[in-house]
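Peer 1:
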Amino acid sequence: MKNILTLLLAFFSTMALAQVQKGDLLIKNGTVLTVTNGTLENTDVLVRDGKISRIGKDLRAPRGVETVDATGKFVMPGIIDAHSHIAGSAINEGTSQVTAEVSMEDVVDPLDVGIYRALAGGVTSIHLMHGSANVIGGQNETMKLRYGTMNPDELRFEGAPRTIKFALGENPTRGGRSRGIQPQSRMGVENMLRTSFTQAIAYGKKWDAYNADKSPRKVAPEYDLRMQTLVDIMNGDVLVHCHSYRADEIYMLMKVFSDFNIPKLTFQHANEAYKVAPELAAFGASASVFADWWAYKLEVYYSTAYNAAILTNNGVLTSINSDSGELIRHLFHEAAKTQKYGELTDDQALALITLNPAKQLGIDNRVGSIEVGKDADIAIFEGHPLSVYTVPLMTFIDGVKYFDKSIDKGDARIYVGPESSISEVMIYDRHNDHRCLEGANVMAFEELFSNKK
Amino acid sequence: MLRLHLVLLLSFTVMQTSLLAQSDPSGESAVTTTYAITNATVITKPGSEMKDATVVVKNGLIVSVGKNVSIPNDAEVIDASGLYVYAAFIDGMSNTGAKRPENMPRPQNLFTPDPPNDYAGITPENSVMEQLDIKSSSIGNMRKVGFAISHSVPYGRMLPGSGSIILLNDADHVDDIVLARDAALYAQFVGAPGAYPGNILGIMAKWRNLYRNAENHKDHTELYAQNPAGLERPTSDRVSLAFHPVISKTKPVMFDVSDMLDVRRAMRLQNDLGFNLILSGVEQAWGVIDELKATGTPIFLSLDLPDKPKDIKGDDKTDEVKALEARRMEFYNTHVGQAGALIEAGVNFGFSARGASAGKIKDNVMTLIENGLSESDALAALTTNPASMLGIDNVTGSVETGKMANLMVSTAPYFTKDSQIKMMFVDGTKHVYEIKEKKEKKEGEATDEEASATTGSDPLVGTWSYELVTPGEPQGGKMIIKKEGGKYSGVLTSNDGTPDNDMNNISYRDGELAFDFDIEAAGNSVNVVVVGNVSGADFDATASISFGGQNVELGLTATKDGK
Amino acid sequence: MIREMKNIRTLFAAFLMLAIVPLMSLAQEDDQVLRARNGKFALTNAKIYTVTNGIIENGTIIIDNGIIVAVGADVKIPADAEVFDYKGKEIYPGMIDGGTTLGLAEIGSISEANDFQEFGQLTPQMQALTAVNPNSTAIPVTRVSGVTTVWTMPRGGVLSGTAATINLFGYTPDQMFAGSKGIVMNFPSTAGGRRFRRLSPEEVKKRQDRALKTVNDAWDKAELYAKLENSDEVRSYPEIEALVPVVKGEMMLFIEANAAKDIVATIAWVKERGYKKVILTGVSEGWRVADQIAESGIPVITGPVQAIPTRDSDSYDAAYANPGIMSKAGVKVALRTMDSENVRNLPYHAGFAAAYGMGREEALKAITINAAEILGIGDKVGSIEVGKQANIFVATGDPFETATKITDLFIDGYKVPMTSRQIRLYDEFLNRTPGVDKDKKAIDIKKK
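One line per chain: the protein sequences are A, B and C, in this order.
This note's numbering puts the first residue of the first sequence at 268, with every later residue one more than the last.
This note's numbering puts the first residue of the second sequence at 3, with every later residue one more than the last.
This note's numbering puts the first residue of the third sequence at 187, with every later residue one more than the last.
Structure representation (structure tokens):
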């Protein structure tokens, strides 16, 4: 594949500053779904140096700029998955219930062929999240799917705000039960949150005192990256994304955050968020939900597929995510389900997978809509993206093409193990696909076999 | 790189071997420790060859090298006509000589978020010296294939302790073979068993936390040492203390990292924290060549190579099969060609033997040479490069006057198919080997002493080597079955140090062997059921595990040892 | 449906729905229960997709006591029929899912709530039908999306049990029973399954041969049993007895095989054993051996279509294109979701299959008449024909499109209320009373 070869050549860079490829192109005559400015028929989009530089009719391509004919096709902002576990070498540090100090940026795996498959579904950015076995989990990594490199630094979404994973409900309590520690109930979950923040406040005070101390013979207090991260959260430097399901625990977290003065909060999955939609709107919290997954656990038994529509209609900023290497490939279809379950308009549905997740990740100044000045993260479809018959054709990031159905060669692997079998078959099982379900049970199982020499 | 001071150690060793009066009923002692190796082709260092030369060894040192050098009158003259003399090889990292310690039992009421440091494997204060066993057969096995020196590292988890550079000699006491004690802080990305930090996520964060605290501890310690007045006293935290020389850059950290992503993680820690880094055990270096050049990080490539892919035979292969085989072969070629690629890019490297079977090392080096590594670069990677990377190049790594007598004598140019090692000199001690007509491939070093059960005609009784295919790396060990009074009993040992498991409910009928065993994981006891067929010396089974609502089946195969 | 017109139509539809929703709420006061009703119905003025006899642009269907008694453009409406004017709507046969655990699985993570897997390798006598929970929350959730009949099946082991077709309406399993059963078998698999099996091809073959021996032993016994079963001396052996109807050609045998090698091995095995009513299920890699499947004449139930390709080296759309490739090669294909709580997505799996090579017409057949015929109830359901059971749904457009609404539902001739717990929750919470104001004194959510 030409673009992969180009990228392989391009990965020669120093570690400190991974040179990100930026492209120029002209997308001509498509139906442009801007998300923020309605639908523009027969419209061109000009990209220069990785940014959308002009949107209009009859634009001309400057010399040397490639033209893509989008006549009869649909052009939309690249899809953003606000909850993903692809491209990660490890997902959950499940041995402690509070692990704010760990970060997914250390475990990015650029070789996962799932990245390419997501690109083939129009996805350009993902929020690689820590697992949900811990009440306070690790920091997440917002990424662009620049597939084709062996250097994880090239997948960074430069400048994206820091985010962190929290989890409530059955996953952390199951973890506590299997390890014989707290929490083993939702009461314990709340207690752990409050205790952790309280400890962090004390930690912060100690260090503030140390830093203010002008004496030349001062001794530093113990450094604790975990506590420091919690301090950063309370200072508003880290956005919290909380895995949660039940209405009561969603409500609980808003109260905790209110008590600790943390105004920004996104609830992930939040299958019962619709039951506290007014509270979410009043607090200003947002939700990132499934289109229609339910009944896999007790805490999602009382879900409704109308969740996203109810939230949207109650003024809650809502996105739809996948939490799955399979679902991520058709997020456009998941978003379209909100037209069945709640009659969201086209722009409302498209926003669920573009502008809204961008806002929740704090990257909406860069991506999430087709506007001049934003990054040229763009997906082109045959057929309207919200139609079941749509076929993703091309996906661009920073104006560089990373997926093109017409030249797709099939085998998209970057690395092939020399000792691998050429005909290894793995039958898809949806039960193994939902990585967020990797609570303590599966963690402990993986531990059985994590004892390397 | 740091130069190491060896004066005292070296002279003490020399004194031991130069006792003038000796009595030895075993007859193993040497008559003289002065040797003159004559008429040899001497490769003094890569690219520099001397024909019809003589090497004189006395008191463990190379006294002279050249044509027409004078031979001391107490020398044993060894006519090395037709033989080739090289500097003996230096292994950058392995567990040679170390014995795996018994697994630490899981503490009662283990608080998994905050386990004791030793349980978590955070013991940078330890040293391989505590694990070295002078009787270990691995020392002889490595020496036999050309190595005089190994940087031996301890078994363990995340921070097992420091490695020491040892001479691969037989001796009475471990201290006798140590060239440089605690030369580097050894680190791996191996998590604590069921406790924090459990995997790479926790390990990376733990490193940052430990290091930062160690820096503060060092500052505090120094401040206090200058003048304690009014200061709270620094703790005697052994972990922080172990990091002090790392922080002051007098001791490097050697990270054992095989795949390219782990290599990058080690480099990222180095970038964030600032210590001196040595990369070792690297299997996938081609993806980081630019970063290696930019940072100048010393690197030891693993001597373990992947097996060559076995393409399907036949002419009627589909295009798809051909394409898939081609891609797989392409990456095999990348693996075996990376040594040459590094040289081309101007990156020097050494070799590390950990993970490689001693008997396969020469074949693997030959494979690298076939795929782009020149013979002189291969020799450099085995001798001069590791010497310099380990800071011992002032005393060894080449055949030059004044250096240690670490020599390898080969029946032919070493990098040829049929060459055999006839003699080794380690620290001036001569070792002679039988030259075989047909080259036998020996098994790799056995680091554990395994008890072999009596083998009778019973199909089960005996010691089996098993492999369990798991989500992580395959797990292996021994399955030892005994029979007493008609009843079978057995035990599964594990190569990675987890405790032995009793085999329960052993039943054997019509060739089918079934048993179960329990594993401890995260406070739970998990039962594993193994059922399979025994045919001759092969056992082919499935291990079924039911855990947390999930049912998993893994493959388990075993082969009977011996005969 | 033309997308460009979507926005206007959607807004209009939304306005209509908003008008209707309060009415629906009123219709469901706490003490009022929506009931299904039987009788004589006339469905008029609609575009009818009969599936087997083309499309009737403006037609009428008469349902009487559970049976379709008339279909056509010019049908006389009986005087005592309840008439429904479906102008502007489309009518389809109820969709049929060729493989689910619906009714046998309530909450995934709670083993007590799952009844589709019994202990033991050879358990063909286990009856899925009896274990179906007719009151499973997922059943109404599924049928309001137009799926009216499913194959619900046991899983696990070599011979998992006896599956059955059920209509998604009824208060006992027998009321739900749609008319056919079959033995479920899992052909010994060479696939990696759970990502960690890395055995050499020789070891894999050895394993499969050994497992096949177990399978063959069981079927040999069944054949022997069939010969001896009239003798008084033969002991009861439920596991083997259950296989006898297959041996005799009276009962269908559904064999799950996914890897290409396994599919081919299954076809050879079936030929060798000579069993007649065999269906291949799973068939994830059917596209690799489509010609061989076609040649064997064995029909296929495949899915889920929305799945990850079986091999890392496969093209990203391998699973989407799978049904279409087989169908083009001449294989008779039905689709399945292999789900329990989201069987409602069957039309979307079909839509993806349609978009990636199967075409809309074949995809529709794959979830209607093909599925019915393959499952042995082709004479009862799967198309809108006189004499068939009245399993029908009414939609605002193409049911494969997500924006389409299913507005009316008939199962077994009953007009089934368009309600489910998820719809009731929507009604209750779209505009919750009280909203947040009542709580404001107790908690101050937004601090300054």
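Note that CB positions come from ideal geometry on N, CA and C, so glycine has one too.
(1) Any beta carbon from chain B within less than 8 Å of C/S499's own beta carbon?
(2) Closer than 8 Å, CB to CB, is A/A603 near chain C or not?
(3) Output the boundary residues of the beta strand (DSSP E) element that contains C/M339.
(4) Compute the Euclidean distance between the alpha carbons of C/Y272 and C/N231, then round it to the nearest angstrom.
(5) For A/R441, count neighbouring Cβ atoms within 10 angstroms of its own Cβ and tell me buried if that reaches 16, exposed if not.
(6) If the cut is a Cβ gap below 8 Å, which residues of chain A does B/F333 touch?
(7) Which stretch, first to last residue, makes up the beta strand (DSSP E) that contains A/Q466?
(8) Of all Cβ atoms in chain B, is any one closer than 8 Å to the Cβ of C/W399?
(9) Who does B/E88 pair with in a DSSP beta bridge?
(10) As an exercise, report each continuous beta strand (DSSP E) stretch of at least 3 residues that is fully enclosed by the region 494-542 of chain B, in chain order.
(11) Give the interface partners of B/N535 over in chain C, defined as CB-CB distance under 8 Å, in chain order.
(12) Output the distance between the C-alpha atoms of B/G232 and A/F534, rounded to the nearest integer angstrom.
(13) Are the beta-carbon atoms belonging to A/E368 and B/A207 less than 8 Å from one another?
(14) Assign B/Q588 to one of three DSSP states: helix, strand, or coil.
(15) Going along the chain, which residues of its own chain have a beta-carbon closer than 7 Å to the beta-carbon of A/S636, five neighbours each way excluded?
(16) So, does the CB of C/A549 fall closer than 8 Å to a CB anywhere in chain A?
(17) Note the first and the last residue of the continuous alpha helix (DSSP H) segment covering A/H600.
(18) So, for B/E327: in the same chain, excluding its five sequence neighbours on each side, which residues have a beta-carbon less than 6 Å away from its beta-carbon?
(19) Distance, Cα to Cα, A/A544 vs A/K522?
(20) Just confirm the distance between the C-beta atoms of B/A38 and B/I73, as a whole number of angstroms; I'd bet it's less than 8 Å.
(21) My guess is that A/V375 and A/L422 are in contact by the Cβ rule of under 8 Å, so how many angstroms apart are they, rounded?
(22) I want to verify the contact list: residues of chain C whose CB lies under 8 Å from the CB of A/G443, in sequence order.
(23) Can you name the start and end residues of the beta strand (DSSP E) that A/V498 belongs to?
(24) Residues in its own chain within less than 8 Å of C/M604 by CB, not counting five upstream and five downstream?
(25) For the beta strand (DSSP E) holding B/I249, just list the boundary residues, first then last.
(26) Which runs of the beta strand (DSSP E) spanning at least 3 residues fall entirely within the region 539-627 of chain A, listed in chain order?
(27) What residues of chain A sit near B/D309, judged by a beta carbon separation below 7 Å?
(28) For the region 289-353 of chain C, list the alpha helix (DSSP H) runs that are entirely contained and at least 4 residues long, ordered along the chain.
(29) Name, please, each residue of chain C whose Cβ falls closer than 7 Å to the Cβ of A/T571.
(30) Return yes when the Cβ of A/Y477 is within less than 8 Å of the Cβ of A/A487, no when it is not.
(31) By the three-class DSSP mapping on this structure, what secondary structure does B/Y213 have?
(32) Could you tell me the distance, in whole angstroms, from the CA atom of C/L197 to the CA atom of C/S499?
(33) Give the straight-line distance between the Cα atoms of B/A383 and B/V338, rounded to the nearest whole angstrom.
(34) According to the neighbour-count rule (16 or more other Cβ atoms, all chains shown, within 10 Å of its Cβ), is A/E539 buried or exposed?
(35) Report yes if the CB atom of A/V583 is closer than 8 Å to the CB atom of A/L532, and no otherwise.
(36) C/P279 bridges to which residues according to DSSP?
Peer 2: Judging by the given coordinates:
(1) yes
(2) yes
(3) From DSSP, C/M339 is part of no beta strand (DSSP E); its letter is neither H nor E.
(4) 5 Å
(5) buried
(6) For B/F333, the chain A residues whose Cβ falls inside 8 Å of its Cβ are Y682, V683, G684 and P685, in order along the chain.
(7) Element bounds for A/Q466: not the beta strand (DSSP E) but the alpha helix (DSSP H), R453 to A479.
(8) The displayed chain sequence assigns Lys, not Trp, to residue 399 of chain C. Answer no: the Cβ-Cβ gap between C/K399 and chain B never drops below 8 Å.
(9) Glu is not the amino acid found at residue 88 of chain B; the sequence shown has Tyr there. Answer by DSSP bridge pairing, in chain order: B/I45 and B/M410.
(10) The region 494-542 of chain B contains these whole beta strand (DSSP E) runs: 503-511, 514-523 and 526-537.
(11) R396
(12) 50 Å
(13) The answer is yes: Cβ separation under 8 Å.
(14) Here chain B comprises residues numbered 3 to 565, so residue 588 of chain B is not present and cannot be evaluated.
(15) Its chain contains T301, V302, T303, P344, T621 and L622 as the residues whose beta carbon lies nearer than 7 Å to that of A/S636, once the 5 sequence neighbours on both sides are disregarded; these appear in chain order.
(16) no
(17) L598 to K607
(18) D313
(19) 15 Å
(20) B/A38 to B/I73, Cβ: 4 Å. Contact.
(21) 6 Å
(22) Within 8 Å Cβ-Cβ: nothing; A/G443 doesn't reach chain C, min ~16 Å.
(23) Unbroken run through A/V498 is the alpha helix (DSSP H), L492 to M501; no beta strand (DSSP E).
(24) Cβ contact annotation for C/M604 (same chain, cutoff 8 Å, sequence separation greater than five): V330, I592, T593, D594 and L595, in chain order.
(25) Per DSSP, B/I249 is not a residue of any beta strand (DSSP E); the alpha helix (DSSP H) it occupies stretches across R240 to I249.
(26) 553-556 and 585-587
(27) Result: E686.
(28) Within the region 289-353 of chain C, the runs of alpha helix (DSSP H) that reach at least 4 residues and sit entirely inside it are, in chain order, 314-317 and 324-329.
(29) Q608, L611 and Y612
(30) Closer than 8 Å, so yes.
(31) Annotated three-state conformation of B/Y213 is helix, per DSSP.
(32) Summary for C/L197: the model assigns pLDDT 49, below 50, so the residue's position carries little reliability; its value from the coordinates is reported in the next sentence. Approximately 44 Å between the Cα atoms of the pair.
(33) 15 Å
(34) buried
(35) no
(36) In DSSP, C/P279 forms a bridge with C/I578.
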